[in-house]
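Okay, so here's the structure we're looking at.
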Amino acid sequence: MKFIAFSVRTDEEKYFAEWSQKNNIEVKLVKEALTSENLELIQGFDAILALQTGFYPAQLFEKAQEYGIKSFAIRNVGVDNVDLRSAFANHVIVTNVPAYSPTAIAEFSVTLLLQLLRKTEIFRQRNAVQDFRWEGNIGKEIHDLTVGVIGTGRIGKAAISIYRGFGAKVIAFDPYQDKELAASGIYVDSREEVYQQADVITLHMPASPKDKHLIDKHAIELMKDGVYLINTARGTLIDTQALLDGLDAGKIAGAGLDTYENESPLFNHDLRGQKIIDPLFNQLMERDDVLVTPHVSFYTETAVKNMVNFSLDSAKSVIETGTASSIVEAN
Numbered sequence: 001m002k003f004i005a006f007s008v009r010t011d012e013e014k015y016f017a018e019w020s021q022k023n024n025i026e027v028k029l030v031k032e033a034l035t036s037e038n039l040e041l042i043q044g045f046d047a048i049l050a051l052q053t054g055f056y057p058a059q060l061f062e063k064a065q066e067y068g069i070k071s072f073a074i075r076n077v078g079v080d081n082v083d084l085r086s087a088f089a090n091h092v093i094v095t096n097v098p099a100y101s102p103t104a105i106a107e108f109s110v111t112l113l114l115q116l117l118r119k120t121e122i123f124r125q126r127n128a129v130q131d132f133r134w135e136g137n138i139g140k141e142i143h144d145l146t147v148g149v150i151g152t153g154r155i156g157k158a159a160i161s162i163y164r165g166f167g168a169k170v171i172a173f174d175p176y177q178d179k180e181l182a183a184s185g186i187y188v189d190s191r192e193e194v195y196q197q198a199d200v201i202t203l204h205m206p207a208s209p210k211d212k213h214l215i216d217k218h219a220i221e222l223m224k225d226g227v228y229l230i231n232t233a234r235g236t237l238i239d240t241q242a243l244l245d246g247l248d249a250g251k252i253a254g255a256g257l258d259t260y261e262n263e264s265p266l267f268n269h270d271l272r273g274q275k276i277i278d279p280l281f282n283q284l285m286e287r288d289d290v291l292v293t294p295h296v297s298f299y300t301e302t303a304v305k306n307m308v309n310f311s312l313d314s315a316k317s318v319i320e321t322g323t324a325s326s327i328v329e330a331n
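If you're matching positions, the sequence shown starts at 1 in full-length UniProt numbering and goes up one per residue.
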């Protein structure tokens, strides 16, 4: 049994090596992403492991079937970049990692909010020029606020626990309610109620075509004046132009964004000295009421280890038994 892993980062290498030694299975590590240009590299392997770094089209799965490959394991949650119908048609089983560290992402979302509430970026900028005045940058306390959580899966549930620990009032919406949370009376009946009642709105839901630009001009108009918006989920959930308009109008007091709708050519790339030709992104970066981080809310030692081990275990299970606990079905 032989596996090949693409888009391997340095921080993943030791976990691949440990798993390979423990399971006595060869795992070839490739730093480059899997693309149409290097498809021939998959020949001779039983399973492919990849990251959500690009689109994986029908051509890949046709070639995988030709080479007898049965497993395609994504080392993250999202599979919106995978042609699942083609994978199914070519008898390739796709697996993902449903939850590598919900706590990591939940903690990071709260960290973004804390920085916005206490104006830490503004103070950092002032400190850099030896301006140590307080004036004009008084903060807010979480326990005085109503936090609206949209999406109460593993990550949303972890976020709720943290916000409750701060003493905030928490409301939530999810079409698929968690029984334990429902018993506590946390749910409202619609997203619109979250928009209307919350001082903070934090997104913890997957992306789907129907949810593109869920947060648009109309949604923002329904929100309270001075709302804070946090997104550590998927960039396509927010209409960036509508967000910028809301910030300019003062409707939105601040936004913490660990994801952006056009992030692929930007995040996790070294672009120092290069001109970024993306006017919306440039506007976000220029603002001191917006915090942008490059999709790193998941990025902890615990999460990376879990992503590597779970994806490898899934690939091994598919090869040995024809199934796994995290199979992604084609819709």
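A virtual CB, placed ideally from N, CA and C, is assigned to each residue, including glycine.
Source: prediction; values computed, not measured.
- With the rule of 3 Cβ pairs closer than 8 Å, the stretch 114-123 counts as touching the stretch 134-154.
- Rounded to whole angstroms, the Cβ separation of Thr95 and Val328 is 6 Å, and the two are in contact under 8 Å.
- Judged by DSSP in its simplified three-state form, Phe310 adopts helix.
- Membership of Lys63 in any beta strand (DSSP E) is not indicated; the residue belongs instead to the alpha helix (DSSP H) covering 58-66.
- Secondary structure of Ile186 (DSSP, three-state): coil.
- The stretch 190-225 is shown to contain whole beta strand (DSSP E) runs of 3 or more residues at 200-203, in chain order.
- When Cβ pairs closer than 8 Å are counted between the two stretches, the stretch 270-284 is seen not to touch the stretch 26-41, the count staying below three.
- Taking a C-beta distance under 7 Å as the contact criterion, Ala73 and Ala330 do not qualify as a contact pair.
- Taking Ile93 as the centre and dropping the five residues before and after it, the same chain places the C-beta of Lys70, Ser71, Phe72, Ala87, Val318, Gly322, Thr323, Ala324, Ile327 closer than 8 Å to its C-beta, in chain order.
- If only complete runs of 4 or more residues are kept, the stretch 109-196 shows the alpha helix (DSSP H) at 120-128, 154-165, 179-183, in order along the chain.
- Within its own chain, the residues whose Cβ lies closer than 6 Å to the Cβ of Phe173, once the five positions on either side in sequence are excluded, are Ile150, Val188, Arg191, Val194, listed in chain order.
- Contact annotation: the stretch 224-235 touches the stretch 244-256, with at least three C-beta pairs closer than 8 Å.
- When Ser208, Gly235, Asp131, Ala183 are compared, the shortest CA-CA separation from Thr202 is found for Gly235.
- For Ser20, the uninterrupted alpha helix (DSSP H) run begins and ends at 10-23, by DSSP.
- Contact between Ile215 and Asp239 holds, with the beta-carbon distance rounding to 6 Å and staying under 8 Å.
- Within the same chain, Phe16, Leu29, Val30, Lys31 come within 8 Å of Val8 by CB-CB distance, once the 5 residues on both sides are set aside.
- For Gly256, DSSP records a beta bridge to Ile230, Leu291.
- Secondary structure note for Ser71: its beta strand (DSSP E) is the uninterrupted segment 71-74.
- Under the DSSP definition of a beta bridge, Leu29 partners with Ala5.
- When beta bridges are read from the DSSP output, Leu49 appears opposite Ala5, Ala73.
- In the three-state DSSP reduction, Ile327 falls in the strand class (E or B).
- Bounds of the beta strand (DSSP E) holding Thr95 are 93-95.
- Look at Val304 here: in three-state DSSP terms it is helix.
- Annotation: the continuous alpha helix (DSSP H) that includes Glu286 extends over 279-286.
- When the beta-carbon positions are compared, Lys179 and Thr146 stay at least 7 Å from each other.
- When the beta-carbon positions are compared, Ala159 and Thr103 stay at least 7 Å from each other.
- Gln274 and Met285 have their C-alpha atoms some 15 Å from each other.
- Rounded to whole angstroms, the separation of the alpha carbons of Val77 and Ala58 is 20 Å.
- Judged by DSSP secondary structure, Ser86 falls within the alpha helix (DSSP H) whose first and last residues are 84-89.
- Under the three-state reduction of DSSP output, Ile238 falls in the strand class.
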